[in-house]
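J.: Can you read through this structure? Questions will come right after.
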Amino acid sequence: MTHEIAVIPGDGIGQEVTPAAVEVLETLEIDFEFREGDAGDAVQEETGEALPDETYELAASADATLFGAAGETAADVILPLREAVDSFVNVRPAKAYPGIDAVRPETNLVFLRENTEGVYSGHEDRLTDDVATLTRVVTESASRQLAEFACEYVEDNDYDGFTTVHKANVMRETDGLFRDTVADVADENGVETDEVLMDAFATHVCLEPDNFDVVVCPNLAGDVLSDLAAGLVGGLGLLPSANVGPDRGLFEPVHGTAPDIAGEGVANPAAAIISAAMLVEYLGYDEDGAAIREAVETTLEEGPRTPDLGGDASTDDVTEAIVDRL
Ligand code: ATP
Ligand code: MG
């Protein structure tokens, strides 16, 4: 079976780490057909459009998309691309790796963040010069879809259950609906859950990250708290993410274009390559995903390493080492 993969490197180090991830995928004995699309600042300058229609269509029709990063135009690129794959959940693992300097080396958790609504649903108004408002949207259907995904995720990955993070004591209607729906779905599926208020979670996860494994959050809370967890594991450079929809997914490193090092050939490809591991796991090739992860982990521990991790290797050196280990 051939899997069509859209490859959208974008700007900055996206142009360096995305080809590295493709190279790793090409090492596998899986039949991929790669199709490259343009997006981001460079194509905006050229054509006036940050996300050309053909790139949108590419992502909307491919089995999965590998995305790099976009600069100034990020919001014009990534939001429509998430929509192109109909993504309802953003999967963000935050895991510390052996040999990497981390504030909390015992951290190993994964955020399942609602990806379509909450305060990011785009309903903002400027009523007068000095008053602005925002409508927060929570629906039962989106909360249910997220919770069903969470139940499946827990089962597939042998977790005991998940933690729901919310602020339903204050946002009684919106987070109340979110919390109750998620709890109902967990009940229906026989999955154990507990609940933590999002402010308390911020403290707990810093002090005792090993108390958590799968964390289910509304959109904004998931955005902020997963970045916080990124800090616990040693920064953005190693974090992958997946935007999952019912029929397709978009996989991207959490980091951006890193303009300070772009073009130098020294970007760390690990986050993009672990994102590629998530892509193959999404397509059902769990063993190949595990093999990529193992090759990355060994390379992080034994080297070669890029300068962000204290080494002096190039993106190509690290990619080659990972491919060799695969
Ligand atoms: P953007 O606006 O595109 O997000 P940024 O300036 O916020 O760009 P990030 O890409 O978010 O930059 O990166 C933040 C810092 O982390 C930068 O100093 C960057 O060099 C570093 N960094 C991020 N990703 C990597 C990577 N893959 N390898 C090495 N360093 C990285
Ligand atoms: Mg950034």
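Following my numbering, the residues of the sequence shown are numbered contiguously, the last one being 488. Glycine is no exception: its CB is placed at the ideal position from the N, C-alpha and C atoms. Keep in mind that this is a model prediction, so the values were computed, not measured.
Give me whichever residues DSSP pairs with Phe229 in a beta bridge.
T.: In the DSSP secondary-structure assignment, Phe229 is bridged to Ile170.
J.: Who are the Cβ neighbours of Leu382 in its own chain at under 6 Å, not counting the five residues just before and after it?
T.: Gly280 and Val281
J.: Between the segment 386-406 and the segment 245-259, do three or more beta carbon pairs fall short of 8 Å?
T.: yes
J.: What is the residue span of the beta strand (DSSP E) that His328 lies within?
T.: Gly323 to His328
J.: What residue range does the alpha helix (DSSP H) around Asp349 cover?
T.: Here the alpha helix (DSSP H) through Asp349 covers Thr336 to Glu350.
J.: Roughly how many angstroms lie between the CA atoms of Asp372 and Phe273, to the nearest whole one?
T.: 14 Å
J.: Would you tell me roughly how many angstroms separate the C-alpha atoms of Ser437 and Ala391, rounded to the nearest one?
T.: 17 Å
J.: Are the CB atoms of Glu234 and Asp203 within a distance shorter than 8 Å?
T.: yes
J.: In chain order, what are the residues with a CB under 5 Å from some non-hydrogen atom of the ligand ATP?
T.: Gly399, His417, Gly418, Thr419, Ala420, Asp422, Ile423, Ala429, Asn430 and Asp470
J.: Rounding to the nearest angstrom, what Cα-Cα distance links Tyr447 and Leu401 in this structure?
T.: 20 Å
J.: State the DSSP-derived secondary structure class of Asp287, mapped to helix, strand or coil.
T.: strand
J.: Could you spell out where the beta strand (DSSP E) holding Ser437 opens and where it closes?
T.: Counting along the chain, Ser437 falls outside any beta strand (DSSP E), though it belongs to the alpha helix (DSSP H) covering Ala432 to Tyr444.
J.: By how many angstroms is the C-alpha of Ala364 removed from the C-alpha of Val395?
T.: 15 Å
J.: Could you please give me the residues that DSSP links to Ser403 through a beta bridge?
T.: Glu414
J.: Is the CB-CB distance between Ile214 and Asp225 below 8 Å?
T.: Residue identity differs from the one stated: residue 214 is Pro in this sequence, not Ile. For Pro214 and Asp225, no; Cβs fall outside 8 Å.
J.: Is any heavy atom in the ligand MN found nearer than 7 Å to the beta carbon of Pro431?
T.: The ligand MN is absent from the structure shown, which contains only the ligand ATP and the ligand MG.
J.: Can you list, in chain order, the stretches of the beta strand (DSSP E) that have 3 or more residues and sit fully within the segment 354-407?
T.: For the segment 354-407, whole beta strand (DSSP E) runs of length 3 or above, ordered along the chain, are 354-359, 376-379 and 402-406.
J.: Tell me which residues share the same chain as Val336 and place their Cβ nearer than 6 Å to its Cβ, disregarding the 5 neighbours each side in the sequence.
T.: Here residue 336 turns out to be Thr, not Val, going by the sequence shown. So the qualifying residues of the chain are Arg298 and Val300.
J.: When DSSP labels each residue in this structure, what does Glu426 get in the three-state scheme?
T.: If DSSP states are grouped into helix, strand and coil, Glu426 belongs with coil.
J.: DSSP puts Val253 in a beta bridge; with which residues?
T.: The beta-bridge partner set that DSSP reports for Val253 consists of Leu274 and Ala404.
J.: State the start and end residues of the unbroken beta strand (DSSP E) segment that holds Thr481.
T.: Here Thr481 belongs to no beta strand (DSSP E); instead the alpha helix (DSSP H) covers Thr477 to Arg487.
J.: For the putative contact between Val353 and Gly384, defined by C-beta atoms under 8 Å, what is the C-beta separation to the nearest angstrom?
T.: That belief does not hold up - the Cβ atoms of Val353 and Gly384 are roughly 19 Å apart, past 8 Å.
J.: Would you give the residue range spanned by the beta strand (DSSP E) that Glu198 belongs to?
T.: Phe194 to Glu198
J.: What's the gap between the Cα of Arg275 and the Cα of Val480?
T.: Distance between the alpha carbons of Arg275 and Val480 is about 31 Å.
J.: Which residue's Cα is closest to the Cα of Asp193: Thr326, Thr164 and Phe311?
T.: Thr164
J.: Can you give the Cα-Cα distance for Ala453 and Glu191, rounded to whole angstroms?
T.: 12 Å
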